Amino acid sequence: MTTGYLAPQPDAELDGTEYVAGGGDWKDIADEVARRKEERVVVNMGPQHPSTHGVLRLVLEMDGETVTETRVGVGFLHTGIEKTMEYRTWVQGSALATRMDYVASIMNEGAYVLAVEKLAGVTDQIPERAQILRVLMMELARISSHLVALGSAGNELGGTTLMTIAFREREQILRFFEMVTGQRMNNAYLRPGGVAQDLPDGALDFLKRVYPSMVRGLNDFDNMIMANPIWKLRTVGIAELNLAGCMALGITGPMVRATGLPLDLRKDAPYSGYENYDFEVCTADTADAYGRYLVRSNEMRESMKIVAQCIDKLEALGPAPVMIEDPALAWPAKLSVGPDGQGQAPEHVKEIMSGSMESLIHHFKLVTEGFRVPPGQAFHAIEHAKGMYGVHVVSDGGTRPYRVHMREPSYNNLQAMSVLCDGGTISDVVVALASIDPVMGGVDR
Amino acid sequence: MSEHPDQGELTAQARPAGAGEVIGTRQGAFGAHGSGDTSGFGGLNQVVEFAPPSAKPYGSWFDTAVDVLEEVLADQGITDAIEKVNVDRGELTLFIRRERLVAVAQALRDDPDLRFELSLGVNGVHYPQDAGRELHAVYHLMSVTHDRRWLRLEVAVPDDDPHLPSLVGVYPTQDWHERETYDMFGIQFDGHPALTRILMPTDWVGHPQRKDYPLGGIDVQFKGATVPPADQRRSYS
């Protein structure tokens, strides 16, 4: 007796072909292979494969060891962050943006707050100290992101030592982040109008103390891989994509710089005062996986130069505001470490609770309702560790975004997978993917 | 009005209503609706509109770029491609008729004086109140050749005919971006090689980024209590 849910249900309304979702294309592919009786294997790599950088599904059609067709499946980590942002205030958006590309969280915040500030028309009112702190944090995030890219690539090629060295240096950066923002990742430190709070006592001293060892560590790392014959055998001439290919596919970041084009928005369209820093745009001319790692490795050392300049600038500037002066936008609360290790600044609490009723109302309105941004739209792109990170924000004049869209470099760059992999061997798929350095939190958002 | 000359002056300075694109209206100031108005702001009615179209000169490099684009299109016999030009917050937005989108993109990419060769993808925005122009597709194009300048193309399509020509032929990078916009807004990009969902599961019903997409509420553990969906919670207007 064939009843129940498996039986086809007669449906008078139904017209034409009925499509049933379930199993997807996997069965069709397997059936086709069985029918053709070819030496053709379809390998489903991921979404839980350790070398797919999170939940990425690759469907590889193989002829022996050779990949004949690569298909990419994304969306396993889609959490609707852009939609969620439409129901939170402009300030809360920073805490959501940070969760997209979680390996370089602070850079996502940077792109978001710069777009919001452009929309609100306050870009030139951001205090200098906040600008320096933003550059400092974004460059440290870049180093941290590149270390994960290089370290995990080394790990995937069988060199666990590379990962341990990379993560050892990254640990120093995360410690500094924790000191300053309270969290190692997902910091929500950059806010529209400035940064959440100034550096705590001792944070800059800590950074200065670990700085020499970090420079030494990065140099060690560079020495260890860039001339390493095994590393070169695995990456030189692998996963090539020339400049024309990069332009057609909209590829930016280390991938396009590895083709020799110095496309870097920090130089081309400076934001947050990048024009005041002395650094080089790193390029390579090999257009392969090796070149991309070379660019990343050199870029980390250039970023260390920027970090050193930030430290100098912060010390020369001394105490200064880190939040915009305009009381209509500036976050009213001040944070300080109380006896219990957390909490509001006692002076601020005293003022709003027993000093001034107006201050209390102001605090309450800004924190619960948030500020309003005039209707319109704005777009701002920054040079993210992965490439060009563009944020399109639309406001309807309310206290929450009408629409936020992130043009994620990882999402865009993953489109190159089939160009990089088709015709190569399966072992090079891992190299190609790692050289793109996608982070699925950013891809799927 | 004549008793209050100051007020009259203010009105004269205000932008004439209807000049910009109206995207909605806002009532009151504090978000309390349906109960007695104790704030005194309940009668406040504001029309939300975007900046009106700009007139030449636009400033910066915008004039040259728009002139060159119009010239290149006129050579092809196209004179109606640009609906309006909007310069706001230092950004150039060209509103393009959908039939002309491919020709415009091709001209922007290929003309040596324009050369916007890097596409930064497409993004949808849903304006339910903008009758006949509910769904907007917003493209950002950057020129690597000319100074990393960038501009925005905006194409509006009605909700009951959400069709746009695909730009994959001009900018291959549009592939995934158009799939995402289809997935999230239901905009159909005609001519796309495989317009399927990309972030949502293939059997998903609806397009989540649309403003009319229903949001789920979460049941909490207390007896009989539910948390209303985010779009139905009380919020500031």
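For the protein sequence lines, the chains are S and L, in the order given.
Residue numbers for the first sequence follow the numbering used here, so the first one is 81 and each next one is one higher.
Residue numbers for the second sequence follow the numbering used here, so the first one is 239 and each next one is one higher.
All C-beta atoms in this analysis are idealised placements derived from N, C-alpha and C, irrespective of residue type, glycine included.
Owing to the predicted nature of the structure, the values given are computational and were not obtained by experimental measurement.
Could you round the C-beta distance between residue i and residue j to whole angstroms and report it? I think they count as a contact, below 8 Å.
{"i": "leucine 394 of chain S", "j": "isoleucine 506 of chain S", "result": "The pair is not a contact, with the Cβ atoms about 49 Å apart (cut-off 8 Å)."}
{"i": "alanine 200 of chain S", "j": "leucine 446 of chain S", "result": "Contact doesn't hold; Cβ gap of about 14 Å is too wide."}
{"i": "glycine 134 of chain S", "j": "leucine 157 of chain S", "result": "7 Å"}
{"i": "aspartate 368 of chain S", "j": "threonine 315 of chain S", "result": "7 Å"}
{"i": "valine 147 of chain S", "j": "asparagine 124 of chain S", "result": "Wrong, their Cβ atoms sit about 13 Å apart, outside the cutoff."}
{"i": "alanine 289 of chain L", "j": "glycine 258 of chain L", "result": "6 Å"}
{"i": "serine 475 of chain S", "j": "proline 489 of chain S", "result": "The pair is not a contact, with the Cβ atoms about 24 Å apart (cut-off 8 Å)."}
{"i": "leucine 329 of chain S", "j": "alanine 496 of chain S", "result": "5 Å"}
{"i": "methionine 294 of chain S", "j": "methionine 384 of chain S", "result": "7 Å"}
{"i": "methionine 259 of chain S", "j": "phenylalanine 301 of chain S", "result": "About 23 Å separates the two Cβ atoms, so there is no contact after all."}
{"i": "isoleucine 516 of chain S", "j": "methionine 380 of chain S", "result": "No, isoleucine 516 of chain S and methionine 380 of chain S are not in contact; Cβ-Cβ is about 18 Å, not under 8 Å."}
Secondary structure at residue i, three-state DSSP: helix, strand or coil?
{"i": "glutamine 265 of chain L", "result": "strand"}
{"i": "proline 481 of chain S", "result": "coil"}
{"i": "arginine 271 of chain S", "result": "strand"}
{"i": "histidine 401 of chain L", "result": "strand"}
{"i": "glutamate 355 of chain L", "result": "coil"}
{"i": "isoleucine 186 of chain S", "result": "helix"}
{"i": "glycine 521 of chain S", "result": "helix"}
{"i": "serine 475 of chain S", "result": "strand"}
{"i": "glycine 371 of chain S", "result": "helix"}
{"i": "leucine 194 of chain S", "result": "helix"}
{"i": "alanine 458 of chain S", "result": "strand"}
{"i": "glutamine 263 of chain S", "result": "coil"}
{"i": "phenylalanine 427 of chain L", "result": "strand"}
{"i": "glutamate 488 of chain S", "result": "coil"}
{"i": "leucine 343 of chain S", "result": "coil"}
{"i": "valine 260 of chain L", "result": "strand"}
{"i": "leucine 415 of chain S", "result": "strand"}
{"i": "serine 473 of chain L", "result": "coil"}
{"i": "leucine 138 of chain S", "result": "strand"}
{"i": "glutamine 424 of chain S", "result": "strand"}
{"i": "methionine 438 of chain L", "result": "coil"}
{"i": "lysine 430 of chain S", "result": "helix"}
{"i": "threonine 82 of chain S", "result": "Below a pLDDT of 50, predicted positions are generally treated as unreliable, and threonine 82 of chain S, at 39, falls in that range; the measurement from the model is reported next regardless. Coil at threonine 82 of chain S, not helix or strand."}
{"i": "proline 466 of chain L", "result": "coil"}
{"i": "alanine 101 of chain S", "result": "Residue confidence for alanine 101 of chain S is low, a pLDDT of 49 falling below 50, so the modelled location carries little weight and cannot support an answer."}
{"i": "valine 443 of chain L", "result": "coil"}
{"i": "arginine 168 of chain S", "result": "coil"}
{"i": "valine 361 of chain S", "result": "coil"}
{"i": "histidine 415 of chain L", "result": "helix"}
{"i": "arginine 115 of chain S", "result": "helix"}
Tell me the DSSP bridge mates of residue i?
{"i": "lysine 461 of chain L", "result": "Partner(s): none; lysine 461 of chain L has no beta bridge."}
{"i": "tyrosine 377 of chain L", "result": "L:Val360 and L:Leu391"}
{"i": "methionine 468 of chain S", "result": "S:Glu463"}
{"i": "threonine 505 of chain S", "result": "S:Thr146"}
{"i": "threonine 331 of chain L", "result": "L:Asn324 and L:Arg390"}
{"i": "arginine 120 of chain S", "result": "S:Asp143"}
{"i": "methionine 403 of chain S", "result": "S:Gly274"}
{"i": "methionine 125 of chain S", "result": "S:Leu138"}
Between which two residues does the beta strand (DSSP E) carrying residue i extend?
{"i": "threonine 148 of chain S", "result": "146-153"}
{"i": "asparagine 283 of chain L", "result": "283-287"}
Starting from residue i, follow the alpha helix (DSSP H) in both directions and report where the run begins and ends.
{"i": "isoleucine 320 of chain L", "result": "Taken as a continuous stretch (DSSP letters only), isoleucine 320 of chain L belongs to no alpha helix (DSSP H), being part of the beta strand (DSSP E) at 320-326."}
{"i": "valine 228 of chain S", "result": "208-236"}
{"i": "proline 309 of chain S", "result": "309-315"}
{"i": "methionine 437 of chain S", "result": "437-444"}
{"i": "glutamate 308 of chain L", "result": "300-313"}
{"i": "glycine 173 of chain S", "result": "172-177"}
{"i": "cysteine 326 of chain S", "result": "323-328"}
{"i": "proline 292 of chain S", "result": "283-306"}
{"i": "proline 334 of chain S", "result": "334-337"}
{"i": "methionine 165 of chain S", "result": "161-165"}
{"i": "glutamine 344 of chain L", "result": "339-348"}
Flag residue i as yes when its Cβ comes closer than 8 Å to any non-hydrogen atom of the ligand MN, and as no otherwise.
{"i": "valine 147 of chain S", "result": "This structure does not include the ligand MN; it has no bound ligands of any sort."}
Can you give me, in chain order, the residues of the segment 452-481 of chain S that have a beta carbon less than 8 Å from any beta carbon in chain L?
-> Cβ contacts with chain L come from Pro455, Gly456, Gln457, Ala458, Phe459, Ala461, Met468, Gly470, His472, Val474, Asp476, Gly477, Gly478, Thr479 and Arg480.
Taking a cut of 7 Å between CB atoms, which residues from the segment 283-299 of chain L lie near chain S?
-> Result list: Val286, Glu287, Phe288 and Ala289.
Please name the residues in the segment 368-379 of chain L whose beta-carbon is closer than 7 Å to at least one beta-carbon of chain S, in chain order.
-> Those residues of the segment 368-379 of chain L that come within reach of chain S (Cβ to Cβ, closer than 7 Å) are Val376 and His378.
Selection of the segment 347-366 of chain L by Cβ proximity to chain S, strictly under 9 Å | Those would be Glu355, Leu356, Ser357, Leu358, Gly359, Asn361, Gly362, Val363, His364 and Tyr365, in chain order.
Would you list, in chain order, the members of the segment 322-333 of chain L that have their beta-carbon closer than 7 Å to a beta-carbon of chain S?
-> Using a CB distance below 7 Å, the part of the segment 322-333 of chain L facing chain S consists of Asp326, Arg327 and Glu329, ordered along the chain.
Compile a chain-ordered list of the residues in the segment 171-195 of chain S whose CB is closer than 7 Å to at least one CB of chain L.
-> Listed by position along the chain: nothing, the set is empty.
Pull out every residue of the segment 438-450 of chain S whose Cβ sits closer than 7 Å to any Cβ of chain L, in chain order.
-> Those residues of the segment 438-450 of chain S that come within reach of chain L (Cβ to Cβ, closer than 7 Å) are Glu449.
Residues from the segment 432-444 of chain L in contact with chain S, defined by Cβ distance under 7 Å | Residues of the segment 432-444 of chain L with a C-beta less than 7 Å from any C-beta of chain S: Ile436, Leu437, Met438, Thr440 and Asp441, listed in chain order.
Given a limit of 7 Å on CB to CB distance, which residues of the segment 393-406 of chain L reach chain S?
-> Within the segment 393-406 of chain L, no residue has a Cβ that lies closer than 7 Å to any Cβ of chain S.
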